[in-house]
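Chains as they are written, first to last, in my numbering: chain A, 390 to 612; chain B, 2 to 276.
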């Protein structure tokens with residue numbers, strides 16, 4: 390064990406953790422909006438709208454994240470027509486390609502989490518709202534959505550942790566995130582065990598924080 | 002119960018047999034993704050200059066060999082952790098790597114070069130045909146200056162953990178935006194897509210790609226050798242494995258004397274890259 394290497398690589402790895410956190414937070418914010426949008430489509434009565442939303446979540450939950458990120462980064466990069474469009478400004482950057490892939494992926498899972506939360510809301514609660522003369526729209530935004538968010542907290546907490554670990558795939562498209570920098574240090578020191586232990590410890594610490602924040606929120610919004 | 006006992010005994014025997022069968026085989030690790038040094042054919046079989054050379058060297062050593070595949074970025078750690086006994090993967094002999102492993106004498110040498118897509122503004126850089134960085138002369142120093150200006154602010158793509166990355170990180174050509182990839186294939190893809198302004202690798206890796214893909218990849222600037230680019234390609238061996246190191250050195254001597262290395266090199270590179 391080379392403890393000196395573990396200590397000297399720590400600041401470099403912590404610096405790279407910032408990129409990991411940026412990727413994670415951007416993907417989670419975009420993913421939450423995408424997920425909410427598709428969850429609302431999923432509970433829609435129109436079969437075409439409903440099937441479309443189902444198809445989206447089916448494709449993105451049914452394929453590996455690594456394949457998705459490769460298709461978006463290397464795949465779209467091969468289409469010559471795309472390179473002459475405005476879209477290329479975004480798709481040229483590995484950073485945005487990673488965020489697009491992560492957002493679409495976590496969005497698919499989030500839509501399923503929120504959909505099941507919507508469906509567990511007891512009809513009695515909605516009926517109670519109607520009987521008080523509240524419009525359906527207000528019932529949806531002021532009653533259904535808050536309850537759904539509370540219901541989905543434990544599952545969503547899991548999704549955040551999964552996504553946090555998923556960001557390590559950003560290193561496959563040249564981004565220097567936590568895993569990317571760990572690999573870079575290994576490529577010059579040839580000592581994988583020491584460096585991956587430190588990197589793994591940082592991931593574990595992030596999981597610890599996320600887990601406790603979610604637990605706190607669960608307690609705060611319990612009823 | 003009896004069935005379970007018989008089954009586990011069977012497993013144990015199989016395990017034992019497979020261990021003892023492998024005991025006297027030399028395992029050689031290669032990447033299989035760096036043509037023409039080493040690559041794979043359509044059926045997934047390992048081919049290339051080093052694969053053919055490895056079989057020749059094993060014949061001279063007089064021992065059975067097995068060639069195994071290993072990702073480039075884990076090559077040296079895998080050797081140290083005894084997943085195989087020797088590396089033949091276009092790995093240049095550099096001082097940095099020699100801190101971790103030993104190398105046999107060199108068996109072939111390559112020059113590195115920058116490549117761009119046709120029509121790039123880097124196409125007309127005015128430099129000598131080749132520079133050696135071990136003891137750079139005035140012309141080489143001037144060429145590095147020209148490159149520093151030309152590459153400033155550009156994105157240059159390389160495979161990770163290579164001499165090419167070391168060179169760009171060394172600051173000899175100033176501060177360029179270095180982007181690293183797991184394989185040379187991925188470097189080629191992003192060079193063609195336009196995400197990289199230029200790429201740096203063995204000159205043969207680019208000419209091989211241009212030929213096979215039909216993409217307008219052109220070599221620019223000088224060819225590089227010496228210095229960060231190391232002193233030829235050799236067989237990587239664990240430091241404590243001096244017996245195997247000697248065996249490989251002798252085998253390389255014999256193969257060189259009999260003209261095997263030049264013959265195989267000419268077959269795969271189209272020119273004699275042996276040394």
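A virtual CB, placed ideally from N, CA and C, is assigned to each residue, including glycine.
In this text the structure is predicted, and so the values were computed from the model without any measurement.
Does the beta carbon of residue i fall short of 7 Å from some heavy atom of the ligand NAP?
i                      : result
residue 599 of chain A : Questions concerning the ligand NAP fall outside what the structure shown contains, since it holds no ligand whatsoever.
Please report the straight-line C-alpha distance between residue i and residue j, rounded to a whole angstrom.
i                      : j                      : result
residue 87 of chain B  : residue 29 of chain B  : 5 Å
residue 89 of chain B  : residue 124 of chain B : 33 Å
residue 443 of chain A : residue 433 of chain A : 11 Å
residue 51 of chain B  : residue 68 of chain B  : 10 Å
residue 252 of chain B : residue 246 of chain B : 10 Å
residue 501 of chain A : residue 470 of chain A : 34 Å
residue 1 of chain B   : residue 412 of chain A : Not covered by the structure: residue 1 of chain B. The range shown for chain B is 2 to 276.
residue 478 of chain A : residue 202 of chain B : 27 Å
residue 465 of chain A : residue 447 of chain A : 21 Å
residue 565 of chain A : residue 511 of chain A : 47 Å
residue 519 of chain A : residue 513 of chain A : 10 Å
residue 480 of chain A : residue 187 of chain B : 16 Å
residue 265 of chain B : residue 47 of chain B  : 15 Å
residue 232 of chain B : residue 93 of chain B  : 6 Å
residue 22 of chain B  : residue 602 of chain A : Caution is warranted here: a pLDDT of 49 is assigned to residue 22 of chain B, below 50, making its placement in the model unreliable, and no coordinate value can be reported.
residue 396 of chain A : residue 44 of chain B  : 45 Å
residue 402 of chain A : residue 573 of chain A : 10 Å
residue 408 of chain A : residue 128 of chain B : 38 Å
residue 619 of chain A : residue 591 of chain A : There is simply no residue 619 of chain A to check, as chain A begins at 390 and stops at 612 in what is shown.
residue 130 of chain B : residue 153 of chain B : 21 Å
residue 575 of chain A : residue 451 of chain A : 33 Å
residue 137 of chain B : residue 497 of chain A : 56 Å
residue 610 of chain A : residue 425 of chain A : 19 Å
residue 453 of chain A : residue 492 of chain A : 14 Å
residue 535 of chain A : residue 172 of chain B : 55 Å
residue 226 of chain B : residue 164 of chain B : 10 Å
residue 112 of chain B : residue 132 of chain B : 10 Å
residue 523 of chain A : residue 503 of chain A : 23 Å
residue 101 of chain B : residue 146 of chain B : 33 Å
Who are the Cβ neighbours of residue i in its own chain at under 8 Å, not counting the five residues just before and after it?
i                      : result
residue 167 of chain B : 95, 97, 229
residue 65 of chain B  : 25, 26, 27, 59
residue 273 of chain B : 263, 266, 267
residue 515 of chain A : 528, 532, 533
residue 553 of chain A : 409, 413, 592, 595, 596, 599
residue 582 of chain A : 390
Check the DSSP bridge columns for residue i and list the partner residues they point to.
i                      : result
residue 220 of chain B : B:116
residue 158 of chain B : B:180, B:200
residue 68 of chain B  : B:29
residue 109 of chain B : B:234, B:275
residue 131 of chain B : B:224
residue 40 of chain B  : B:48
residue 103 of chain B : B:238
residue 93 of chain B  : B:234
residue 35 of chain B  : B:39
residue 87 of chain B  : B:29, B:238
In the DSSP assignment, find the alpha helix (DSSP H) that holds residue i and state where it starts and stops.
i                      : result
residue 404 of chain A : 392-431
residue 554 of chain A : 534-555
residue 453 of chain A : No alpha helix (DSSP H) contains residue 453 of chain A, which DSSP labels as neither H nor E.
residue 494 of chain A : 483-509
residue 82 of chain B  : Here residue 82 of chain B belongs to no alpha helix (DSSP H), and DSSP marks it neither H nor E.
residue 143 of chain B : 139-152
residue 122 of chain B : First-last for residue 122 of chain B: undefined, no H or E at that position.
residue 476 of chain A : 476-480
residue 577 of chain A : 567-578
residue 470 of chain A : 469-472
Tell me which residues share the same chain as residue i and place their Cβ nearer than 7 Å to its Cβ, disregarding the 5 neighbours each side in the sequence.
i                      : result
residue 218 of chain B : 116, 118, 192, 207, 210, 211
residue 571 of chain A : 402, 584, 585, 588
residue 254 of chain B : none
residue 170 of chain B : 179
residue 562 of chain A : 458, 462, 483, 486, 487
Going along the chain, which residues of its own chain have a beta-carbon closer than 6 Å to the beta-carbon of residue i, five neighbours each way excluded?
i                      : result
residue 249 of chain B : 105, 236
residue 605 of chain A : none
residue 569 of chain A : 560
residue 197 of chain B : 156, 158, 191
residue 275 of chain B : 109, 262, 263, 266
residue 134 of chain B : 227, 228
residue 420 of chain A : 492, 495, 496, 499
Name the residues in the stretch 458-492 of chain A whose C-beta lies less than 7 Å from a C-beta of chain B; which are they? Residues 463, 466, 467, 472, 481.
Report the residues of the stretch 567-588 of chain A with a CB closer than 9 Å to any CB of chain B, ordered along the chain. 569, 572, 573, 575, 576, 577, 578, 579, 580, 581, 582
Using a beta-carbon distance cut-off of less than 9 Å, what residues from the stretch 224-252 of chain B approach chain A? Cβ contacts with chain A: none found.
What residues in the stretch 173-203 of chain B bring their beta carbon closer than 9 Å to a beta carbon of chain A? Against chain A - using a Cβ distance shorter than 9 Å - the residues of the stretch 173-203 of chain B are 180, 181, 182, 183, 187, 190, 191, 193, 194, 195, 196.
Contact set between the stretch 63-84 of chain B and chain A, restricted to residues whose Cβ is under 8 Å from the partner: 74, 75, 77, 78, 81
Compile a chain-ordered list of the residues in the stretch 553-565 of chain A whose CB is closer than 7 Å to at least one CB of chain B. Listed by position, the residues of the stretch 553-565 of chain A near chain B (Cβ gap below 7 Å) are 561, 563.
Using Cβ-Cβ distances below 7 Å, what residues of the stretch 143-168 of chain B are close to chain A? 161, 162
In chain order, what residues of the stretch 32-51 of chain B put their CB closer than 8 Å to some CB of chain A? none
If contact means a Cβ-Cβ distance below 9 Å, which residues of the stretch 90-116 of chain B contact chain A? 97, 98, 100, 101, 102
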